[in-house]
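Okay, so the sequence shown: first residue is 1 according to the UniProt record's numbering, each after it adds one.
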Amino acid sequence: MNQSRDIGPELNQINGVAITFLSILTTILAIIPLTTFIRIRQVGPCSLLLISMLFSTFAAVNSRIWSSENQSEWYSGVGICHIETPLRQPLTIAFAFAMVLMPWKLVETLRTRRVVQLNRVWRDIVFVWGVPVFIIMPFQYLVMTNVYSIIPGFGCMPEFDESWLSLLVVFMWWPVLLFFTLVLAIIMGIMINRKREEISESLNDNSSRASERTFIKLYIVAAVLIAIYFPTQLIFVIRYVPLRYGSFPFALEKNKEWVVPTLYHTSDDPQIQYEPWAYIAINFLMFLFYGANTDAQKSYRKCVENIGLVKLFPRFFSQQPHNSAKSLLSYGDFVGYITRKFEKHKDSTSKPHESVPKSSSYWGLSGN
């Protein structure tokens with residue numbers, strides 16, 4: 001194992017404390033959106049949010065366990081790293097598959113204009129989790145350079161060799177799935193743009209609040225996929241995917257050094273300590289979309305009433321759920337806020353229109 005030494009960039013202690021607190025907070029906030037996705041059988045966003053919550057949990061724990069540069073005081077990682085390390089790569093690839101599935105299903109909905117059959121849920125589950133569970137999970141051990149590595153602030157992580165087998169098992173999925181995500185997101189944006197007149201007409205109908213929210217969420221999802229996810233993941237691919245690969249040694253057993261963890265200092269990869277912020281942002285973004293609307297407020301109120309604490313939060317739950325526009329929690333409803341802005345600019349007269357395909361409600365895009 002590596003020993004303590006004089007280093008350059010050191011661990012950002014304030015960042016570690018902030019990650020611990022916000023990872024716990026946003027994971028709790030993401031529970032209601034997760035239950036919403038499960039209820040409406042949304043495999044893509046459900047998988048994405050579940051993985052984000054798991055990684056946030058890892059970050060909250062690891063940032064406290066390995067919170068210094070002094071390796072002599074570190075916990076060895078036995079137990080926790082044996083659980084986290086083999087899960088990181090499969091979960092990362094499952095996340096990428098979920099990001100492909102989301103625009104794919106939206107494109108399918110916009111193209112067919114009909115409700116997608118619920119029996120396709122199993123097909124979506126296999127699409128997102130098939131490769132991570134049946135290919136990456138078992139075969140990654142063949143290309144791992146050691147049992148696990150530890151870096152301060154971030155914690156446990158796997159490392160892979162640069163053989164051609166690593167390319168097939170691990171590295172090729174990142175750029176391939178990123179490319180398909182970009183293509184599908186662009187197609188989705190084009191299809192939404194082509195239907196803008198149809199959707200705009202529905203916005204002029206005083207009874208079309210659900211259509212407004214569908215319109216807003218579709219555009220925001222497309223913008224997030226193209227403007228945020230792609231460049232972020234592209235940087236990740238450039239940093240971590242090797243350009244050259246060698247031969248694979250077909251050894252039946254790993255050498256004795258394989259079971260010895262590798263310990264790093266922050267200076268070996270100063271940026272990795274900030275990676276958990278991506279999952280904190282995802283948790284919070286999902287809360288803004290699905291955790292502050294009318295349905296979510298009903299869930300919060302019911303939970304508080306069940307445990308008898310409603311009297312402690314009279315201002316927070318003073319309004320009935322159906323009057324969410326005036327309740328305190330409604331100010332966190334990002335989509336609701338934009339919808340109210342649209343309402344102020346709507347024409348007062350109704351126009352004939354062809355309503356937005358009802359199939360979009362299956363994706364949790366309509367309604368509250």
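Just so you know, even glycine gets a beta-carbon here, dropped at the ideal spot from N, CA and C.
Secondary structure of residue i, DSSP reduced to three states
i	result
S63	helix
I7	Low confidence applies to I7: its pLDDT is 46, below 50, so where it sits in the model is not reliable, and the reading given next is rough at best. Coil.
residue 401	Any property of residue 401 remains undetermined from this structure, which presents the chain solely from 1 to 368.
G153	coil
F95	helix
H322	With a pLDDT of only 49 at H322, under 50, the local geometry of the prediction cannot be trusted, and no value is derived from it.
residue 380	Lying outside 1 to 368, the shown extent of the chain, residue 380 is not represented and no answer is given.
F55	helix
V100	helix
I136	helix
N306	helix
V107	helix
P261	coil
V224	helix
E84	helix
E73	helix
S299	helix
S47	helix
Y362	Unreliable positioning characterises Y362 in this predicted model, as indicated by a pLDDT of 40, which lies under 50. The coordinate reading is nonetheless provided below. Three-state result, Y362: helix.
Whole-angstrom C-beta distance between residue j and residue i, which should lie under 8 Å
i	j	result
residue 371	D269	No answer is possible for residue 371: it lies beyond the span of the chain, which begins at 1 and ends at 368.
Q89	I125	The Cβ separation is near 19 Å, so there is no contact.
S23	I280	6 Å
C156	E84	4 Å
P261	G16	At roughly 20 Å, the Cβ-Cβ gap does not stay under 8 Å, so P261 and G16 are not in contact.
L29	F287	4 Å
H265	E69	6 Å
L25	L49	Between L49 and L25 the Cβ distance is about 15 Å, and since that is not below 8 Å, they are no contact.
I93	P132	5 Å
A60	T20	5 Å
L178	Q233	5 Å
T67	N283	Going by the sequence as given, residue 67 is Ser instead of Thr. Not a contact, Cβ separation roughly 22 Å.
F127	F95	At roughly 13 Å, the Cβ-Cβ gap does not stay under 8 Å, so F127 and F95 are not in contact.
T145	D161	5 Å
I226	I186	7 Å
I32	G291	5 Å
M191	V107	6 Å
L11	G153	5 Å
V143	V170	6 Å
Limits of the alpha helix (DSSP H) - the one that residue i falls within
i	result
I186	173 to 194
A18	13 to 29
Q233	230 to 240
L168	Segment: none, L168 is in no alpha helix (DSSP H) and carries neither H nor E.
L285	276 to 290
I40	Run containing I40: none; DSSP gives neither H nor E here.
F127	121 to 131
DSSP bridge partner residues for residue i (one or two, in chain order)
i	result
G246	S163
M144	F160
Cutoff 8 Å: residue i Cβ touching any chain B Cβ
i	result
E159	Of the protein chains in this structure there is only one, and it is not chain B.
* Asked: Are three or more beta carbon pairs between the segment 96 to 103 and the segment 38 to 47 nearer than 8 Å?
  -> yes
* Asked: So, do the segment 236 to 246 and the segment 161 to 180 have three or more beta carbon pairs nearer to each other than 8 Å?
  -> The segment 161 to 180 and the segment 236 to 246 touch, with three or more beta-carbon pairs separated by less than 8 Å.
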